[in-house]
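K.L.:
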Amino acid sequence: MLLEDIVSPRILTCAIIDDDEINRLTLQHCISLTPSLHLLASLKGGVEGLNFFSLGRRVDVLFLDVEMPDLNGIEMMRLLPEPPEVIFTTAYESFGMEAYELNIADYLVKPFSYDRFQLAVQRVAERLQPAMPAGIALRD
2 MLLEDIVSPR ILTCAIIDDD EINRLTLQHC ISLTPSLHLL ASLKGGVEGL NFFSLGRRVD
62 VLFLDVEMPD LNGIEMMRLL PEPPEVIFTT AYESFGMEAY ELNIADYLVK PFSYDRFQLA
122 VQRVAERLQP AMPAGIALRD
């Protein structure tokens with residue numbers, strides 16, 4: 002049995018929360034180039050993001066800016082009762098410890114390449130992958 006026989010590709014729903022329009026547009030472009038992603042929302046700040054999730058909406062992946070004026074990404078993560086897989090996007094590398102403590106999937110430092118974006122998405126996909134049942138062996 003091959004891995005492809007067990008794992009079917011899955012489209013991941015996603016949202017962007019970033020106060021900077023250029024950053025939102027950049028992420029929207031990267032998402033549009035990635036067949037495994039489907040964008041549900043592109044939001045301008047943490048408060049707007051909290052409102053989105055408070056209405057019961059869910060996504061598989063959240064691209065979340067760390068530094069926003071109304072509510073930063075770290076504070077927002079702490080307020081979500083069931084946060085999705087999060088990829089922090091930030092211009093600063095100094096939030097690594099907080100990111101680790103919040104168990105985020107990945108951390109993109111702006112500006113980032115499309116290859117680095119794809120790697121972050123792959124990490125999320127692996128985290129969302131159900132564990133293989135015991136006793137299944139993979140072969141070439």
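Numbered per the numbering used here, the sequence shown spans residues 2 to 141.
A virtual CB, placed ideally from N, CA and C, is assigned to each residue, including glycine.
In this text the structure is predicted, and so the values were computed from the model without any measurement.
(1) For residue 43, name the three-state secondary structure that DSSP assigns.
(2) When you compare the CB positions of residue 91 and residue 66, do they come within less than 8 Å of one another, or not?
(3) With DSSP as the reference, please indicate the residues paired to residue 64 in a beta bridge.
(4) Does the beta-carbon of residue 85 have 16 or more other beta-carbons within 10 angstroms, so that it is buried, or is it exposed?
(5) Please classify residue 73: is it buried, with 16 or more other beta-carbons within 10 angstroms of its beta-carbon, or exposed?
(6) Straight-line CA distance for residue 89 to residue 35?
P.N.:
Reading it off the structure:
(1) strand
(2) yes
(3) 17, 88
(4) buried
(5) buried
(6) 18 Å
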